[in-house]
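Working notes, structure below.
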Amino acid sequence: MRTSFRFLLNGRYTEISEARPDTTLLNWLRQTGGLTGTKEGCAEGDCGACTVVIARADGVGGLNYQQVNSCITFLPVIDGASVTTVEGVAGPDGALHPVQQAVVDCHGAQCGFCTPGFILSLYAGWCQGMEWTEQGIDSLLSGNLCRCTGYGPLVRAGLSLAGAAVPDWETERHAAELAFVNDHADDTQDLQVNHDGQRYDAPASLDRLEQICKDNPEARILAGGTDIGLWVTKQHRDISHFIALGRTQGLNRIDITKTDITIGAAVSHTAARQRLVAYYPGLADMWARFGSAQVRQSATVCGNVANGSPIGDLPPCFLALDGEVVLNHGGQVRRVKLSDFFIDYGQQDRRPGEFIQALSLPKLTENQQLCAYKLSKRFDQDISAVLMAIWADIKDDIIISARIACGGMAAVPKRAFYTEKAITGHNLNSNFSTDQLDRMDADFAPIDDMRASREYRALAAKNLLQKFCLEYRAGPLRLSPVMLSPDMLSQATAGTQRRRGA
Amino acid sequence: MHNIKDQSPFHDSATLYVTGGAHFTDDLIFPTDGVHIALGLSERAHAEIISMDLSAAEAVPGVVCTLTAADIPGCNDASPVFGDDPVFARDIVSYHGQCIFAVVADSAKAARTAAQKAQIVYKDRPAILTIQQALSDNSLLCPPRIMKRGNVQDALAAAPHRLQGSLTVGGQEHFYLEGQAALALPGEGDEMLLHVSTQHPSEVQHKVAGALGTAFNSITVQVRRMGGGFGGKESQANLPAIIAAVAARKTGRAAKLVYDRDEDMRVTGKRHDFLITYEAGFDDQGRILALDVTQALRCGMSFDLSSAIADRAMMHAENAYYIPDIQVTAYLCRTNTPSNTAFRGFGGPQGIIGMERIVDDVASALGLDPLTVRQRNFYADKDSADAGQLTPYRQPVKDGIINALVDELVRMSDYRERRKQIEAGNQDNPPLRRGIALTPVKFGISFNKTMLNQAGALVHIYTDGSVHLNHGGTEMGQGLNIKVAQICADAFGLPVGQIKITATNTGKVPNTSATAASSGSDLNGMATARAAQELKQRISTCLAGLYQDDPAKVRFQDGYVHIGPEALSFAQAASLCWQQRVSLSATGFYATPDIHWDAERFEGSPFYYFAYGAAVSEVVIDSLTGESRLLRADILHDVGNTINPVIDRGQIEGGFIQGMGWLTSEEIVYTSTGKLLTHAPSTYKIPACSDRPGELNIALYNSGGNPAETIHRSKAVGEPPFMLAVSVHNALAHALCGLTGGRPVLNAPATPETILMAASGVIQPGQHS
């Protein structure tokens, strides 16, 4: 068992054993590491000023470069990774990196406070070899807020990177990162850090994970940490014991059989989205808007279910699919329907010492559709006011059976059983009737908060159901950036050939 | 360097920004024995403090001491003008989030943890939270303010048509990315140096001196840069600076207070939200003959800058339109909410959006294109026979260009044809509907308060020819420093790289005004030019004497000083002057000429000139969900002769998007007990990258320069473009036309909820409590 964690920081080997495990990477960089270039803008992973790049093995011999909000990343989580901060982007002789030069050239920084985060997000895209399209850049920068520029200059900086050459020194840097990661990532030893009365376990095997969870039922299971990070930074909670899933063999897998898809507990949204959108195309719009680039790369699909929030985006989708949670207690595995898993606000069917090992989802058959609608004040990185998922088995335009589930409409993600019944047998060539839509009122007594009123949620949910009908006939009717019809854009720009910000 | 804009350099800190080398207040080297501070905030909107027990907080390991009102040696006040903002609430709390005490500890974490452990017993008092409540309870900061010309009641009665309406306009959180931050370094005796993220170092100096009970000359305030300000660090920076200073004085150690985001959003004031009601009288052509407007603004628990903000809202209530008979009445509502404060536009945006709604209503009533109604009501251009029409506050509009500017924008945006297409498309009642609108901006430039329109600069030339530049303005990302450096470089005929821009410091340039009111480069640029002129004269006189030539013929060009056939490098010239015992350090001072204001009569010529612009926005809404997007915007804006076009374009693009956020996704929500619910970016949504329009065309209007004698005939650009975003809101309302019959009633911000309810004919008062 290892009791210290090690990482590469801007190319320098760093090993730490004497640190409280709930120290955030940001605070360590600024207060201990002497690197003040990385900024705190919100301490909750919503503004991206603290973005750093974390490189890990991609499983096929290369490196995967993640954008990470260092403000909610606990320090031991970066064990085995190569971390780059804004101080480490330029060349060894101080030459600006192409992404830095592009931001300078395009006047992408005014006050400069958000700039380090933007630089690192662009650097992550650069290292991943992304295509520099406007839509790709929007997604890459979805978790970075800027209050000065209006973003245009930063997008232009991104666009200007298409075809730019990789400096020699960067090639050398990546080779050194790969060597470090290969030497340190494939580590079968368990990691345990104890400091200042706080314990952090990162077991390497499933057996050890089962044992540690069983023996420590009070411990907090940590996956992506995009929620638990806030318990520390915002609520100042003292968590005595973390059990981290990130290093456990076998949890970072997606298994696809003829009938089912199983998503392991450590699978991120980015990884899941890449594989699963082909099977559930109706989730593409929702998943593109889920969280931000940073959140999608850290947060896990299972974590979105495990935290039991009434406003998580994936639980309604999985409820509509009638998915199952795979729970493990000391090696004993049981499967629970998602509809049974959510009991009440803050209460799920998970026993002490038990952890979610995976989610299991049925594939769609030929006549089945799954469709998700996300409503929020802002398109990117906003918690939904309403999330509606509709699964339907449709034959000859008639709904043979349907499952509807909503987030934001009750204390838990919840099915709409009355409405499902009311629309069964409906021919989608006609709109739903008011009577059918009004069954939503029997299913839900929506919540009322700063995101939306009860009245709005109730009305919008009915309209979304109607939209399902309209889209069945007319194709997508969405304004989200990834779905906005080219027609709509070309009409707006008809008669001119000017480019954005020309 | 024939034209100053030809250099058009990058932001002076650009390379530092992208490498992480730019130091903000929290990045400065801090002594290892320095202390950190966290605030203890009120959990009630309005209550007596019955008792406060801080012993549990003081017992937390690492805590050095706590601070309350009793620890302030001097004056317990952080207010900019009126003396009504206690640093620490003593007996009464007046808003949820008001500062009551502070914890000083070895680490920020210990301080924050300890601050949560205070035991405070409150006795609630009735709280007034909303504008409506304040109006019905007559809870006003001062008697209503009135601006009028003619007899509006008679004119309304005589008008062929009349209409009434109302509009609520939400507030706005500044959301500068860098929170409020102050660092105090105690010196010997009563001296103290503070590094503060503030737009107003002189005011911080005065307030800190007041709180410590020392003279101003003991306190030095330095500002290298802010991570955004937008008005939110004009008066709001006083509080953290005072508390850091009090902690430093009490402990004898360096002390730092950096608000975390939630503290920042709970403690500080925001843009004022408004309730605007109006009655307009107009003729068949849409000419507005009479207008009666009432503006009620939520000021919060104290004045802060609210009276000046209300004045500016009133002075922009007619925007770019000449209205013969007009009355504007402002109610400054006192509420138990944070004291609202300056924010880019300073009341102007709220005044202007009210007027643009009125014009749309008139057009709707007559079945006219709103653009036509706008054009029929514009102030006359400067070259027209009617030039010099008076504003309601009796300032002649001598520099009008709005007619010509809008004509050009209509052409470049193809507005008329696109409007036709959009209205045809909406006829079929599709679920996704489009809308388009053109709105103008006329914005008065100068501080409303005449005395504030002054600035100083300090320029040193060293004997190696390098130049040290200092001025009273502060850099918050707007590019003020690079513009002033360009002005200085241009004066000396030097490359801009030879000018060192140094941190704003009250010890170098004293008695400064806030960097606000878009005035930074107008004022500080001119003061710098004067300092440079003084130095050039001294150098010219000295060298002309040495070379026996006419001082008037000495030229500063291309890094050289030319005297007849001789050309000395600037360094040689400086060195020679030093040898001749000529002072190479000079101050410059500038006071804006020709402005005056009579606050009692509400009339005068408070503005040196007006800045103009206009925008066309096209939007699409989803009538089933209320979601919307800005598809395209075309902007034509007047910056006079630009000093730095890339900086100016940056202000226009960024200001426009910030304005779009104010009117769409940014919603401030309080609970019914006055607790702010939207106190972090998870709940308060400023525009993100993908919210910018698919197409954004920005052009600088070719005006031939500012008719007023400003520095290089440029125009201020910080605030005016913000209001171009009113076009987005009017376009959203246009998209709703025809859905509900009658005029669409769309309040701001136009969140999906506001839009859906308006589309459904449900008037949404908004969630603003």
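Keeping their order, the protein sequence lines are chains A and B.
For what it's worth, the working numbering labels the leading residue of the first sequence as 46, then goes sequentially.
For what it's worth, the working numbering labels the leading residue of the second sequence as 3, then goes sequentially.
All C-beta atoms, glycine included, are put in the ideal place defined by N, C-alpha and C.
Bear in mind that the values here come from a model prediction, so they are computed numbers and not experimental data.
Among the residues facing chain B, residue 183 of chain A is included, as its CB has a counterpart in that chain under 8 Å away.
According to DSSP, residue 188 of chain B shares a beta bridge with B:194.
If you look at residue 283 of chain B, you'll find it in the beta strand (DSSP E) that goes 276-284.
Along the region 508-522 of chain A, going in chain order, the ones with a CB nearer than 8 Å to a CB of chain B are 508, 509, 511, 512, 515 and 522. Within the same chain, Cβ atoms closer than 6 Å to the Cβ of residue 202 of chain A are found at 147, 148, 151 and 153, the five residues on either side in sequence being excluded. For residue 407 of chain A, the enclosing beta strand (DSSP E) stretches over residues 400-407.
Leaving aside the five residues that flank residue 695 of chain B on each side, the residues in its chain whose CB is nearer than 7 Å to its CB run, in chain order, 632, 633, 634 and 635. When the alpha-carbon of residue 58 of chain A is set against those of A:301, A:225 and A:486, the nearest one is in A:225. By the rule that beta-carbons nearer than 8 Å mark a contact, residue 544 of chain B does not touch chain A. If you check each beta-carbon in the region 408-441 of chain A against every beta-carbon of chain B, the ones closer than 9 Å belong to 418, 420, 421, 422, 423, 424, 425, 426, 427, 428, 430 and 431. Think of a sphere of 9 Å around the beta carbon of residue 660 of chain B: the chain A residues whose beta carbon falls inside it are 192, 193 and 195, in chain order. Nearest Cα to residue 600 of chain B within the set B:359, B:156, B:313 and B:428: B:313.
Annotation: the continuous alpha helix (DSSP H) that includes residue 346 of chain A extends over 346-351. Counting C-beta pairs closer than 8 Å gives three or more between the region 17-36 of chain B and the region 258-272 of chain B, which meets the contact rule.
A residue is called buried once 16 or more other Cβ atoms fall within 10 Å of its Cβ, and residue 377 of chain A, having fewer, is exposed.
A Cβ of chain B is located within less than 8 Å of the beta carbon of residue 92 of chain A. For the region 287-312 of chain B, the continuous beta strand (DSSP E) assignments of 3+ residues that do not extend past its boundaries occur at 290-302, in sequence order.
Per DSSP, the beta-bridge partners of residue 452 of chain A are A:432. Closer than 8 Å to the CB of residue 725 of chain B there is not a single CB belonging to chain A.
Here DSSP, grouped into helix, strand and coil, assigns residue 177 of chain A to coil.
Linking residue 377 of chain B to residue 729 of chain B through their CA atoms gives a straight-line distance of about 15 Å. Neighbours of residue 262 of chain B across chain A, judged by C-beta separation under 7 Å: 88.
As a beta-bridge residue in DSSP terms, residue 442 of chain B pairs with B:616. When DSSP assignments are scanned along the region 621-663 of chain B, the uninterrupted stretches of beta strand (DSSP E) that are 3 or more residues long and fall wholly within it turn out to be 630-639. The Cβ neighbour count for residue 115 of chain A, taken over all protein chains shown within 10 Å, is at least 16; the residue is labelled buried. In this model, residue 657 of chain B and residue 487 of chain A are separated by some 46 Å (Cα to Cα).
Using beta-carbon distances, residue 754 of chain B counts as an interface residue toward chain A, with a partner under 8 Å. For residue 135 of chain A, the chain B residues whose Cβ falls inside 8 Å of its Cβ are 21, in order along the chain. Listed along the chain, the chain B residues whose CB falls inside 7 Å of the CB of residue 281 of chain A are 114, 115 and 118.
If you draw a 10 Å sphere on the C-beta of residue 363 of chain B, you find 16 or more other C-beta atoms in it, and that means buried. Rounded to the nearest angstrom, the gap between the Cα atoms of residue 178 of chain B and residue 683 of chain B is 11 Å.
For residue 166 of chain B, the closest of B:175, B:74 and B:282 by C-alpha to C-alpha distance is B:282. Residue 50 of chain B is positioned such that its CB atom lies closer than 8 Å to that of residue 124 of chain B. Less than 8 Å divides the Cβ of residue 348 of chain B from the Cβ of residue 519 of chain B. When Cβ-Cβ separations below 8 Å define contact, residue 533 of chain A makes contact with chain B. Taking a cut-off of 8 Å for Cβ pairs, the region 612-620 of chain B and the region 498-509 of chain A do not touch, as fewer than three such pairs fall below it.
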